[in-house]
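Residue numbering for the sequence shown follows full-length UniProt numbering, starting at 1 and increasing by one per position.
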Amino acid sequence: MSFEYTPPKYAQLIAELERRIESGEYPPGSPLPSEHQLMAEFGMARPTVVKALGVLRDHGWIVTHQGKGRFVRGRPAIASTQQVRTGRELLDRREVQVSSRLLAAGPAEAPNRIASYLGIAPKSSVVLRKTLVTRDDEASEVSSTWVPADVAEGTALTDSADLKQGVRRYVEAAAGVELDHIVEHVTARNPTSEERDLLGVKASAALLAVYAVACDATGKPWIVVETVLPGDRHELEDAYPIR
Numbered sequence: 001m002s003f004e005y006t007p008p009k010y011a012q013l014i015a016e017l018e019r020r021i022e023s024g025e026y027p028p029g030s031p032l033p034s035e036h037q038l039m040a041e042f043g044m045a046r047p048t049v050v051k052a053l054g055v056l057r058d059h060g061w062i063v064t065h066q067g068k069g070r071f072v073r074g075r076p077a078i079a080s081t082q083q084v085r086t087g088r089e090l091l092d093r094r095e096v097q098v099s100s101r102l103l104a105a106g107p108a109e110a111p112n113r114i115a116s117y118l119g120i121a122p123k124s125s126v127v128l129r130k131t132l133v134t135r136d137d138e139a140s141e142v143s144s145t146w147v148p149a150d151v152a153e154g155t156a157l158t159d160s161a162d163l164k165q166g167v168r169r170y171v172e173a174a175a176g177v178e179l180d181h182i183v184e185h186v187t188a189r190n191p192t193s194e195e196r197d198l199l200g201v202k203a204s205a206a207l208l209a210v211y212a213v214a215c216d217a218t219g220k221p222w223i224v225v226e227t228v229l230p231g232d233r234h235e236l237e238d239a240y241p242i243r
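Below you can see the structure in the form of structure tokens.
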């Protein structure tokens, strides 16, 4: 089952305004078009325009001066389009674009930790999609995606073919929701017997387990992606503005 995905209107406006700032059409220090001008040009409602401008402000592209309007700051030192956090990469990853082997795709019982993240009872019915990702002909990670069964059933998440879109696109289309934010949890542990075989590590090896919980604007969780990484093959790095 395939889905056509169109970014929400506010995201389209963000992308266009970022493009204009980067191209110099809106140079640093110049006033940004007013809300009414943007509404007229793009045919968008005021709440949509205000939301887009709020994101641009929070990410450092523009600044608001009370009583004067909004002004261009320029491309931030760490641009949001270049700052792909681990959880977002996992949710947007397309299996057709990475070297991976599907290990499981179908119904399962939610383990305690996963059930807690999803806000459901332990052993509740979920759909599990697990893959082994390789890089440079070496096992790199084991990635497991957990979605409530009533959301995932009937989608490509249960198919044996590689996903053509990121998992969040399928969930948003199936559930009719827009995922708003990701909460990440990172733990360290030793491998299970299955992980030892898949990743080619010793029982004493240190693994990093990254859990990305994708939620809508109300905080309701819809997806958990668990990625297990051999500690000696990965280094987690993040960069973000301090104001």
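For every residue, glycine included, the Cβ atom is placed at its ideal position computed from N, Cα and C.
Same chain, Cβ closer than 8 Å to residue i, neighbours up to 5 away in sequence not counted
i: Q82; result: Residue confidence is low: Q82 scores 47 on pLDDT, short of 50, so the model does not pin down where it sits. No coordinate-derived value is stated.
i: L188; result: Note that residue 188 is Ala in the sequence shown here, rather than Leu. If we look at A188 and ignore the five residues flanking it on each side, its Cβ neighbours are A206, L207, L208, A209 and G231.
i: R196; result: K202, A203 and A205
Residue(s) in a DSSP beta bridge with residue i
i: K51; result: Paired residue(s): none; K51 is not in a bridge.
i: F71; result: P31 and V63
i: V133; result: S100 and E141
i: S160; result: None, per the DSSP bridge assignment.
i: V127; result: P107 and V147
i: L207; result: R189 and P230
i: A214; result: I182 and I223
Candidates the options, of which the one nearest residue i by Cα
i: K164; options: L13, P47, D92 and L56; result: D92
i: V55; options: G29, A15, M39 and V147; result: A15
i: E226; options: P76, E35, I62 and L118; result: L118
i: I223; options: L179, T155 and V133; result: L179
i: A40; options: L13, Q66 and G24; result: L13
i: K9; options: R46, P191 and P31; result: R46
i: A149; options: V186, E109 and E184; result: E109
i: A11; options: P122, P31 and A52; result: A52
i: E141; options: S100, I62 and P107; result: S100
i: P221; options: N190, P191 and E172; result: E172
i: residue 246; options: R168, E194, A175 and H65; result: This structure cannot speak to residue 246, because the chain is shown only from 1 to 243.
Own chain, CB closer than 6 Å to residue i, minus 5 neighbours either side, in chain order
i: residue 275; result: As shown, the chain starts at 1 and ends at 243. That puts residue 275 outside it, with no answer to give.
i: L199; result: A139 and P230
Cut-off 7 Å between Cβ atoms - residues of its own chain near residue i, not counting five sequence neighbours on either side
i: G166; result: L91, D92, R93 and R94
i: P28; result: V72, R73 and G74
i: H181; result: C215
Rounded distance between the beta-carbons of residue j and residue i, thought under 8 Å
i: residue 247; j: A105; result: Since the displayed the chain opens at 1 and closes at 243, residue 247 lies outside it and no answer follows.
i: S143; j: T131; result: 5 Å
i: V133; j: W146; result: Not confirmed; about 17 Å, so no contact.
i: V96; j: D162; result: 5 Å
i: V213; j: V183; result: 5 Å
**Request:** Give a yes or no on contact between the stretch 15 to 29 and the stretch 66 to 76, applying the rule of three or more CB pairs nearer than 8 Å.
**Result:** yes
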